[in-house]
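J.: One structure follows; several queries about it will come next.
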Amino acid sequence: MPSGQSRFARRAGVRQTTVRHYLREGLLSPRTGPAGGSRPCLEFTESDLRLLSAIRAGQALSLSLQEAFTQAAKSAARRPTANRRSQAPHAAPSRSSGTDLQPCAPSRPQAKADC
22 MPSGQSRFAR RAGVRQTTVR HYLREGLLSP RTGPAGGSRP CLEFTESDLR
72 LLSAIRAGQA LSLSLQEAFT QAAKSAARRP TANRRSQAPH AAPSRSSGTD
122 LQPCAPSRPQ AKADC
């Protein structure tokens, strides 16, 4: 059976060595499971997957690993919770800095109401 790291790496589309490197650098901090003894099982969540994806996107934009992590962490801190997400109106993306990793929503033309 594959380890938690290898399953996570496969889901994220990266090599297992990338996951190990991010763990050593402190960029990912998965929960430790009860099994494993001296080498506890790591439990990665969807938020870990989103964080890794955001870091990789930042690196694709020529940010350093640390800059990409910082931007991804800021983005995650600004992300509304699931309960508030459905109630909050969509905000326009911030234009204060060119390094924000917020996804851009496609603009849709407003439909005219028939009178």
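As numbered in my numbering, residues 22 to 136 make up the sequence shown, in order.
The C-beta atom is built at its ideal place from N, Cα and C for all residues, glycine as well.
1) Does the Cβ of Gln-87 have 16 or more other Cβ atoms within 10 Å, making it buried, or fewer, making it exposed?
2) Going by C-alpha distance, which of Leu-73, Ala-81, Ser-83 is nearest Ser-96?
3) Only counting the same chain, and skipping five residues up and downstream in sequence, which positions put a Cβ closer than 6 Å to that of Asp-69?
4) How is the alpha helix (DSSP H) around Ser-74 delimited, first residue to last?
5) Could you please give the first and the last residue of the uninterrupted alpha helix (DSSP H) stretch that includes Val-40?
6) Using CA coordinates, which residue listed in Leu-84, Ala-89, Arg-45, Ser-83 is at the minimum distance from Arg-71?
T.: With the given structure in hand:
1) exposed
2) Answer by Cα proximity: Leu-73.
3) Within the same chain, Asp-69 has close Cβ partners Leu-49, Pro-51.
4) 67 to 81
5) 37 to 46
6) Cα-wise, what sits closest to Arg-71 is Ala-89.
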